[in-house]
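Some notes on the structure that comes next.
Number of protein chains: 2
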Amino acid sequence: MPELRPGMQHLFLRDEDLRLGIELLFYAYRDFTAEPDRMLAEIGLGRAHHRVVYFVGRYPGIVVGDLLGILRITKQSLSRVLGELIRKGYIVQKRGAVDRRQRRLELTETGAALERTLTENQRKRIAAAYRIAGAGAVDGFRRVMTQLIDERDRPKVAESPASAPPPRASTGARRA
Amino acid sequence: MPELRPGMQHLFLRDEDLRLGIELLFYAYRDFTAEPDRMLAEIGLGRAHHRVVYFVGRYPGIVVGDLLGILRITKQSLSRVLGELIRKGYIVQKRGAVDRRQRRLELTETGAALERTLTENQRKRIAAAYRIAGAGAVDGFRRVMTQLIDERDRPKVAESPASAPPPRASTGARRA
DNA sequence: CCATATATGTCAACAATCCTGACGTATTCA
DNA sequence: TGAATACGTCAGGATTGTTGACATATATGG
Numbered sequence: 000m001p002e003l004r005p006g007m008q009h010l011f012l013r014d015e016d017l018r019l020g021i022e023l024l025f026y027a028y029r030d031f032t033a034e035p036d037r038m039l040a041e042i043g044l045g046r047a048h049h050r051v052v053y054f055v056g057r058y059p060g061i062v063v064g065d066l067l068g069i070l071r072i073t074k075q076s077l078s079r080v081l082g083e084l085i086r087k088g089y090i091v092q093k094r095g096a097v098d099r100r101q102r103r104l105e106l107t108e109t110g111a112a113l114e115r116t117l118t119e120n121q122r123k124r125i126a127a128a129y130r131i132a133g134a135g136a137v138d139g140f141r142r143v144m145t146q147l148i149d150e151r152d153r154p155k156v157a158e159s160p161a162s163a164p165p166p167r168a169s170t171g172a173r174r175a
Numbered sequence: 000m001p002e003l004r005p006g007m008q009h010l011f012l013r014d015e016d017l018r019l020g021i022e023l024l025f026y027a028y029r030d031f032t033a034e035p036d037r038m039l040a041e042i043g044l045g046r047a048h049h050r051v052v053y054f055v056g057r058y059p060g061i062v063v064g065d066l067l068g069i070l071r072i073t074k075q076s077l078s079r080v081l082g083e084l085i086r087k088g089y090i091v092q093k094r095g096a097v098d099r100r101q102r103r104l105e106l107t108e109t110g111a112a113l114e115r116t117l118t119e120n121q122r123k124r125i126a127a128a129y130r131i132a133g134a135g136a137v138d139g140f141r142r143v144m145t146q147l148i149d150e151r152d153r154p155k156v157a158e159s160p161a162s163a164p165p166p167r168a169s170t171g172a173r174r175a
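Residue numbers (numbering that gives the first Met the number 0), protein chains in the order written: chain U, 0 to 175; chain L, 0 to 175.
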């Protein structure tokens, strides 16, 4: 359990405060995804493709099972999206060297370019928000957002270094 | 333009900082919606129904056009979801008193109960995150999240009072 | 070495959510 | 009275997700 921070004991939460939190999540996510969605639509892809390209770029060499654990979808769902990305030349699979059952996923040059283009707007949006809100607010934002994530996944997300190993599937019950 | 906050000039944003922001949004939203989604699935409804029930509860008497402006979907999409909610007795329509073309939406008793049940988990999650993160962090969270929202919608979201008038459709270009 | 578990892929059918385009009706307003 | 507005509806299609069943290759423990 994280220790309670100063101010916690005075934190009286009105219904209205909680509603605002819910709505901030809704509106922020809505606007955060709108731009990439528009760009994806132009090349015949969808949001699901963005997520896959993003996380493969984030964890080069990630194996299929771990990607499933992050996305929380079934392998059949991932299969369609991943297959399209491979056929269109955005992602390549390489057999695992130590465990040859694994298919390690990597972005191609084209895939990396696509990822950068898609995420560009999101980076800008975050950067602008951080700059306007200030460093202190950024810290608070991170603290609250982290607590909103399921406890068992918080450590994975905190591991910021890009060179960090892909988050292992941990104990999460795998889907059908 | 909001004035720059102290600390802003020292805010050096590494690529990693931005990526963490992106991922926090993804994971938090994923986990924030998972529970209500499971409950909805049991009664044969989906996330779209939750959104409608939520905002009708939030702005009793909201008209269809304003709801479309919040959800940013087409009227054809809303029509199906809203129709189901009406048929199943969660929402009622009332003709506008001043403008009789309008259909003002309200939750029934059952609808209000459904909304409470669905949102219960989200409220708890937010409350827990706020308490652990502390009052200062909550303020930072709100500042950053607000900046992530499209500029023209920020005022609507800030109007916290439940008794506030439903946000007018403003200038937002209406969809097809 | 063999039985079992794991990692991945695939076929099939289906459901939810969203989209575009085209009309239709009632009501308001200049 | 004619145009604009608020809302609804029919039709067809795309994306993303689901369940269930089955197949292959590889790893692993006894």
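Note that the Cβ used here is the ideal one computed from N, Cα and C, for glycine as well. All of these numbers come straight from a predicted model, not from anything done at the bench.
Check, Outcome
"Contact check, Asp30 (chain L) vs Asp149 (chain U), beta carbons under 8 Å", "yes"
"Residues that Thr118 (chain L) contacts on chain U, provided the C-beta gap is smaller than 8 Å", "Ile21"
"Spatial distance of Glu158 (chain L) from Asp138 (chain L) (CA atoms)", "16 Å"
"Rounded C-alpha distance that separates Leu84 (chain U) from Gly133 (chain L)", "42 Å"
"Proximal residues of chain U, C-beta to C-beta of Arg102 (chain L) below 9 Å", "By Cβ distance, chain U contributes nothing, its closest Cβ being about 23 Å from Arg102 (chain L), past 9 Å."
"Per-residue DSSP class, three states only, for Lys155 (chain L)", "helix"
"Counted within 10 angstroms of its Cβ, other Cβ atoms place Thr145 (chain U) as buried (16 or more) or exposed", "buried"
"Inter-residue Cα distance where the pair is Leu44 (chain L) and Ile72 (chain L)", "18 Å"
"Touching by the beta-carbon criterion (3+ pairs, under 8 Å), the stretch 99 to 114 of chain L and the stretch 102 to 118 of chain U", "no"
"Neighbouring residues, chain L, relative to Val143 (chain U) (Cβ below 8 Å)", "Ala128, Tyr129, Ala132, Ala136, Val137, Gly139, Phe140"
"CB contact below 8 Å: Tyr28 (chain L) versus chain U", "yes"
"Given Gln92 (chain L) as reference, the closest of L:Gly20, L:Thr32, L:Pro59, L:Arg46 once Cα atoms are compared", "L:Pro59"
"Integer Cβ distance of Leu66 (chain L) from Leu24 (chain L), believed to fall under 8 Å", "No, Leu66 (chain L) and Leu24 (chain L) are not in contact; Cβ-Cβ is about 24 Å, not under 8 Å."
"Endpoints, the alpha helix (DSSP H) within which Ile90 (chain L) is located", "Taken as a continuous stretch (DSSP letters only), Ile90 (chain L) belongs to no alpha helix (DSSP H), being part of the beta strand (DSSP E) at 90 to 94."
"CA nearest to the CA of Asp98 (chain L), picked from L:Ala128, L:Thr32, L:Val63", "L:Val63"
"Cross-strand partners of Glu105 (chain L) (DSSP beta bridge)", "L:Val91"
"Inter-residue Cα distance where the pair is Leu12 (chain L) and Leu117 (chain U)", "19 Å"
"CB contact check: Gln75 (chain U) to chain L, cutoff 8 Å", "no"
"Test: Ile125 (chain L) CB closer than 8 Å to a CB of chain U", "yes"
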